[in-house]
Amino acid sequence: MNSTESAPPARTPFRRWIAGLLVVLCAGYAAGAAVGWGSSELALVMGDFGLAGAALAAALSCLAHGIAVGGLTRPAWLLFGLSSAMVAFGNGAWGWYEVVLRQPLPQDSFADYAFLLFAPLAITGLLVLAQRPRTPAGWLCLLLDGWLVAGSLFTLSWSLALGRVAAGDGDDPLKLALALGYPVLDILLVSLVVGLRFRGRDGNRAAVHTAMIGLALTVVCDALFTTPQFHSDYHSGELLDAGWFAGSLLLAWAPWQHGRRPSRQHPSAQGLPRRRVASTFSALTPYAAAAVCTAGILYNALGGRPLDRVMLAAASTVGLALIVRQGVMLLDNLSLAQELATKEAHFRSLVQGSSDVIMIAGPSGALSYVSPAALRVYNRDPEDLVGGNLLNLVHPEDVDRVLAEVRRILARTRGARFSNGEPSARVECRIRSGEGEWLHVESTVNPYRDGLILNSRDITERVRLQAQLQHNAFHDPLTDLPNRALFANRVRAALCAQGPVGTAVAVLFLDLDGFKAVNDTAGHQVGDELLVQAARRLQSAVRSEDTVARFGGDEFAVLVRGRLGHPQVRDLAERIRGALSEPYWIGGVELGVAASIGIAFGPDAPLPLPVPEAAPADPEGTAAAAGAAADELLRNADLAMYRAKSSGKGRVVLYTPAMRAELDRRSELEERLRAAVREGSFTLLHQPVVELAGGRLTGVEAQARWRSAGGLLLTPAEFLRTADSGDAATRFTRWLLTEAVAAAARRRADGPAAPPVPVTVRLAAERICAPGMYETLAGALRDTGLPPDLLVVEVARTGPDALADELGRRLAALRRLGVSTALAGFGAGGGSLGALVRLPFDALKLDRTLVQDVADSTLTRALAGHALRLARDLGLVTGADGVDHPRQVAVLQELGCRRGQGLAFDRPLDELRLRRALLRRGYPVPRQPQGGPGRRPLLTPDPRADGLAEARPGPARPGPDLPQRHAVGGPGGGPHGETAVPPA
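Okay, structure coming up:
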């Protein structure tokens, strides 16, 4: 319960204690006054200073409350405090004369004027506190009610005492005014208390009522004091003083009195507003006033006393005011009745014209009212529904839920009070229409008396739309198969489900091979129709309990669960592959695609579920574990599918952990490459390119090496193959280009001591066609000032046929820039005769796999000779890679090869040794020794007369300047099979 409904719990005991203390004080004062206080002196003290103390307490309490608490009631409490202060002053003056000076109170003393000021100040406070009418009729009724109360009290008081007082003091006008001032002001004060309605929030209404009771008690005691019977025999300390004492204490307690906030809705009224007692009392006030006036007239008439003019005039005005008041009330009632009829018609039209069905049901569920909208919404006559039971219209499956909700609302209504309106709830259920169809209905239920009022609307279309939206959110719009989200949910459920021993969960991930060609040739509409037919074939090929989903594009997935082993699932995958590979007839045209399928199996045991007897489980952690397992299973199946595509397509591949290990290893290598490019761990070496005829150095080829943490230069084959794909490969290629061009420009800038030679950079076709690669190369030439004819771009692999056109455009642009182009690796998988026809090249270089057997194999020698002859016929400069032995040099010379590079001349050199080689400007051409059939990998220099070294056969062991090769993972090898190259 909030603070507006009751006092704070900490203050309630204290206030109760204060209230009890006030009751004890009032009772004690009354008892003392009844026995005369035991002595006349004590009676005078208690009758004068006791009343003064009580009035002073009331004055201080009201003034303190008015100063401390703001709001509209502050002036009223301040005025009440001043009026009590006047009473305290008057009683104090009275006690000064009687107790201190021991003489009777003189006529026209200060006490009389102080007592006389009490009523005006209290009346002003009441006027401030009263609610002001808002209409002229309200002001008129207020004036008439005030006069009715005041006139009737004046008539009664005149007949009882005031008439005789006025007759006895007629000679002294001041004495007459003082004698009549007290009762007249008291009558006016009582009239305001009775006739006015006082404003006050629900929180301080009890304070206002307590103040009114205190003032009323004080006025009653004043009225009794003014009667001749009491006035002539009165002396301080009598029982009449107990009434004044109690009135002052009530007024002192009133500002701090906080009652409970009265509810406008009584719990037993079931939502009906409770009529206030104050409203009823205000309505009966005029008639009670007329009755009091009549009683005064009858008192004089039956007592044989004459009816003087003052009494007749007052009684006549009271009767006239009552007649006028009745006329005003009659007109007001007619206006209210007309307004009520207008509002009733308005609400009736709203109810009858509303699109919602409004029904009122009793406690037993019987319908007492059904709005006409039922005919339009339910297609049922409202009159036929009235008298029937509401639950008979509800779907049997929804009855229990509706009953539970209704009972909850009724329980809340009976057991609680609501400060923010009536309790209500929304209930959705199905109701039978007149045509027998079940309609989805949403009803707002509110308590009404002992039953309920229901405001219902048809939401069937909304429910259907929500169901359709939910279906679309989890199904593919083209094939109506489950989508990725629904498939993942079912995979998670399958992994967590408990089944018999041997139950397996498998995911088949498949991709249609050749679908892109169908889209490109026949169009996307035909492609969509092919996907629809493929989805139907998939559904017919699997079991009824299996789930088939489309992930997007031409990718599908199948979830299999049951007591199936690896052979059965593989047979199912082969059956699916065969069904999808059958020809498709679309628009009279036969189309064909194949299917690559990857299979992945889930864990043998289901994922652990929360056990009720065990410790409380973490449902979020269990859901996260299931989601992670499902994602891993999908990734494994996807990985197996891509292995099937890379292995030749149109086949089924079962996932193995080695696939994940290989993928992780490639990811690690790519990350290492990215870090090496970012941290500058690469260095650049150059291998000389030598003219085979005379040994002249005609160029160098830039080769990248990775500088390991131990300071060794590593040549990792796997590492460099990783650089052929991905974003890291593009960044590596850009670094290789810019660094090679910059190094060549620096050597050229050093002067004629090191004559410039062309630098060759070998790139894959995919890297040449990468976005921004041409701009990078052109920018490097422009920034360094290296002439374009000193740069040669070798194409290591021509790439797929789809890339040939773009590669031709890029090579043509490079040649227009002045850069030479060459085809490297000819004679292996990377070169083809078609590339020579379609692509613009300036040179051709034989692959090292063809060169290594050219001296021993007649077939290889014939192939190499035809390749070199073809290049010469096309006008290309010929070269060979991997020339490591003298016999290879001799054979290549015989075949007409112009240039070569390899260990027969020199290994890849760092910048210092490269500059020394450039200064020598050539290498000795190795000669094959006579009668030496074996290969000699090493050549030992022998000085000749012309200053150049002559190659001679040396010992069959590696020299100090050549690398030692080790097996993968052997001694000296890196973690990925790198070959260690000692630092230059």
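My numbering runs 223 ahead of the 1-based position in the sequence shown.
Built from N, CA and C at the ideal position, the CB exists for glycine as well.
Mind checking whether V215 and S679 have CB atoms under 8 Å apart?
-> The structure shown does not extend to residue 215, since the chain is modelled only from 224 through 1207, so no value can be given for it.
Rounded straight-line distance, which links the Cα of T565 to that of M582 = Distance between the alpha carbons of M582 and T565: 23 Å.
If you drop the 5 nearest sequence neighbours on each side, which residues of the same chain put their C-beta closer than 6 Å to that of G1125?
-> Closer than 6 Å at Cβ, skipping near neighbours: G1105, V1106 and D1107.
Using alpha carbons as the reference points, say which of L352, E684, D604 and C444 lies closest to A430.
-> Nearest C-alpha to A430: L352.
With M309 as the anchor, note down where its beta strand (DSSP E) starts and where it stops.
-> Here M309 belongs to no beta strand (DSSP E); instead the alpha helix (DSSP H) covers R297 to G318.
So, do the stretch 977-991 and the stretch 1012-1019 have three or more beta carbon pairs nearer to each other than 8 Å?
-> Here the stretch 977-991 lies against the stretch 1012-1019, with 3 or more beta-carbon pairs under 8 Å apart.
In the DSSP assignment, find the unbroken beta strand (DSSP E) run with L1014 in it and report its ends.
-> In the DSSP assignment, L1014 falls within the unbroken beta strand (DSSP E) covering L1014 to V1018.
Please list, in chain order, all residues of the same chain as L301 whose beta carbon is under 6 Å from its beta carbon, the five residues on each side excluded.
-> Here the set comprises G289.
Closer than 7 Å by C-beta to G725: which residues in its own chain qualify, once you throw out the five before and the five after it? Chain order, please.
-> Excluding sequence neighbours, G725 sits near R786.
Select from G825, N695 and A863 the residue whose C-alpha is nearest the C-alpha of L856.
-> For L856, the nearest C-alpha among the options comes from G825.
Skipping 5 residues on each side, what residues in its chain have a beta carbon closer than 7 Å to that of F468?
-> Sequence-distant partners of F468 (beyond 5 residues in either direction) whose C-beta falls short of 7 Å from its own C-beta, in its chain, are C249, Y252, G273, L274 and A277.
As assigned by DSSP and simplified to three states, the class of Q1224 = Because the chain spans 224 through 1207 in this model, residue 1224 falls outside it and cannot be assessed.
Three-state secondary structure (DSSP) of H663 = Under the three-state reduction of DSSP, H663 is assigned to strand.
Bridge partners of F697, per DSSP?
-> According to DSSP, F697 bridges with nothing at all.
In whole angstroms, what separates the C-alpha of G821 from that of D703?
-> If I take the Cα positions, the gap works out to 23 Å.
Are V609 and S594 touching if we call contact CB-CB under 8 Å?
-> No, the Cβ-Cβ distance between V609 and S594 is not below 8 Å.
Would a check of beta-carbon distances place L718 closer than 8 Å to chain B?
-> Absence of chain B from the displayed structure is noted, only one protein chain being present.
Which residue's Cα is closest to the Cα of R793: A860, L535 and A972?
-> For the residues A860, L535 and A972, the minimum Cα distance to R793 belongs to A860.
Going by DSSP, name the residue or residues bridged to R653.
-> When beta bridges are read from the DSSP output, R653 appears opposite H663.
In the DSSP assignment, find the unbroken alpha helix (DSSP H) run with S804 in it and report its ends.
-> Note, S804: alpha helix (DSSP H), H789 to S804.
Look up Q1124 in the DSSP assignment and say whether it is helix, strand or coil.
-> Reduced to three states, the DSSP call for Q1124 is strand.
What number of angstroms, rounded off, separates the C-alpha of W260 from the C-alpha of A308?
-> Approximately 25 Å between the Cα atoms of the pair.
Is F774 near the ligand SAM, with its Cβ less than 7 Å from a heavy atom?
-> The ligand SAM is not part of this structure, which contains no ligands at all.
Proximity to P1147 [Cα-Cα], best of E1134, R1139, D1129 and L1135 | That would be D1129, whose Cα lies nearest to the Cα of P1147.
In angstroms with no decimal places, state the Cα-to-Cα distance between R1188 and I809.
-> Interpretation of R1188 is limited by its pLDDT of 35, a score under 50 that renders its predicted location unreliable; the figure taken from the coordinates is listed afterwards. Going by the C-alpha atoms only, they are around 59 Å apart.
With DSSP as the reference, label T983 as helix, strand or coil.
-> T983 falls in the strand class under three-state DSSP.
Sequence-distant residues of its chain with Cβ nearer than 6 Å to Y592 (five each side left out) = Result list for Y592: I583, in chain order.
Alpha carbon to alpha carbon, what distance is there between D555 and E606?
-> For E606 and D555, the distance between alpha carbons rounds to 38 Å.
DSSP three-state call for P911: helix, strand or coil?
-> Three-state result, P911: strand.
Could you work out which residue in P619, R631 and D673 is closest to A589 when comparing CA atoms only?
-> Cα-wise, what sits closest to A589 is D673.
Beta-carbon proximity check, D734 vs E778, cutoff 8 Å = A contact, by the Cβ cut-off of 8 Å.
Could you tell me whether the Cβ atoms of V551 and A360 are closer together than 8 Å?
-> Yes, the pair counts as a contact, with Cβ atoms nearer than the cut-off.
Start and end of the beta strand (DSSP E) containing T702?
-> Careful: T702 lies outside any beta strand (DSSP E) and carries neither H nor E.
For N602, three-class secondary structure by DSSP | DSSP, read as helix, strand or coil, puts N602 in coil.
Identify the continuous alpha helix (DSSP H) that holds A334 and give its terminal residues.
-> Note, A334: alpha helix (DSSP H), F333 to L352.
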